[in-house]
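For reference, the structure discussed in these notes is given below.
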Amino acid sequence: MFKRFLGLVAILIVLGLLAACASPTPTPAPSPTPKPAAPTSVASPTKPAALTPAASSAPQITIEGAWGRQSPKMAAAGAFYMTIRNTGAVADKLIAGKSAGCGTVELHESYKMPDGTMGMRLVTGGAIEIPANGQVELKVGGLHIMCIDKKVEFKAGVKVPLTLVFEKSGEKTLEVEIRELAPTPVASPTKPAALTPAASSAPQITIEGAWGRQSPKMAAAGAFYMTIRNTGAVADKLIAGKSAGCGTVELHESYKMPDGTMGMRLVTGGAIEIPANGQVELKVGGLHIMCIDKKVEFKAGVKVPLTLVFEKSGEKTLEVEIRELAPTPVASPTPK
Ligand SMILES: [Cu+2]
1 MFKRFLGLVA
11 ILIVLGLLAA
21 CASPTPTPAP
31 SPTPKPAAPT
41 SVASPTKPAA
51 LTPAASSAPQ
61 ITIEGAWGRQ
71 SPKMAAAGAF
81 YMTIRNTGAV
91 ADKLIAGKSA
101 GCGTVELHES
111 YKMPDGTMGM
121 RLVTGGAIEI
131 PANGQVELKV
141 GGLHIMCIDK
151 KVEFKAGVKV
161 PLTLVFEKSG
171 EKTLEVEIRE
181 LAPTPVASPT
191 KPAALTPAAS
201 SAPQITIEGA
211 WGRQSPKMAA
221 AGAFYMTIRN
231 TGAVADKLIA
241 GKSAGCGTVE
251 LHESYKMPDG
261 TMGMRLVTGG
271 AIEIPANGQV
281 ELKVGGLHIM
291 CIDKKVEFKA
301 GVKVPLTLVF
311 EKSGEKTLEV
321 EIRELAPTPV
331 ASPTPK
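Heads up: the sequence shown at position 276 corresponds to 276 in our numbering, and the numbers run straight through without jumps.
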């Protein structure tokens, strides 16, 4: 699998197309998490009622600012970018795409290669999570949609039909205009007022349902899981962690290794994006926080201090209780 990605990247370099996925300021692709569960045991006192519209039990997907990037006629592939917004109270996933203008359509993420240059590959997990009451931005140097084996020329002004397939919302078809550069953002006509609280120009981070997984005393590392919610109108990034209970703290992601087993590694881009009006779930088999070189025993009942460092929101310190299993989600205490 990895060889295949390297092969793809190599081909694109030959075609001079790598620029379509490169960026001078490597932006970590937001790591989509699988299906956020209902908020878990810890109540979020700051959860605005506006984020939990009554009687909305389906995702509400809208696509804004879609554009395709002009690329040389002889380049085999082109790239599409857009913002996918979900104003529903349930998460959805972008699982596939298709276009009469492309041989195949793939969902890609950008990542930093060991030599420091940017590469791209199929998105981790094969789908892009669109969180409830949140949005995902597909942009140059981040997540994007690849048009493999172009059937039309990607030159400014051309419109390419594109159908996106969502797990719950089904197919959404749009026309994507090819441009030389990203369009200047304009006020979004469909942006609900509820999602843009006045005078909120900072992320609002809360951490819910944090727990650590019991692990053998002799195991050198332990793992922490939680849901990180951002009720602000600006995205933030989890960039580091520290704990008196750990030699070092690392941000990890799980991934499927070529032989099909699951491995883990430092998160792509070195940070976990917490989207505006969205949330990221750190859970078993997905994103997680590793406690390397444990200084305390990870047995049920033990509480481990943990400080998370956010790019914009600074440090948040919490106590994480060790448990044998993930806490059972309970109904959100938010009044109906
Ligand atoms: Cu790990």
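Virtual Cβ for every residue (Gly too), placed ideally from N, Cα, C. In this text the structure is predicted, and so the values were computed from the model without any measurement.
For His288, the shortest C-beta to heavy atom distance toward ligand 1 is below 7 Å. Taking non-hydrogen atoms of ligand 1 into account, the C-beta of Ala271 is found less than 7 Å away from none of them.
Per DSSP, Asn230 is one residue of the beta strand (DSSP E) stretching across Ala221 to Asn230. In the three-state scheme derived from DSSP, where H, G and I count as helix and E and B as strand, Gly241 is classed as strand. Leu174: member of the beta strand (DSSP E) spanning Gly170 to Arg179, first to last residue.
Residue side-chain check: Met264 places its Cβ nearer than 7 Å to a non-hydrogen atom of ligand 1. Within its own chain, the residues whose Cβ lies closer than 8 Å to the Cβ of Val105, once the five positions on either side in sequence are excluded, are Ala96, Gly97, Lys98, Ser99, Ile145, Met146, Cys147, Ile148 and Leu162, listed in chain order.
Our two residues, Gly142 and Gly245, have alpha carbons roughly 34 Å apart in a direct line.
Beta-bridge pairing by DSSP links Asp149 to no other residue. When the alpha-carbon of Gly125 is set against those of Ala233, Lys256 and Pro327, the nearest one is in Lys256. Counting only the Cα atoms, Lys73 lies some 56 Å from Pro305. Here Thr87 carries a coil assignment [DSSP, helix/strand/coil]. The beta carbon of Ala220 sits no closer than 7 Å to any heavy atom of ligand 1.
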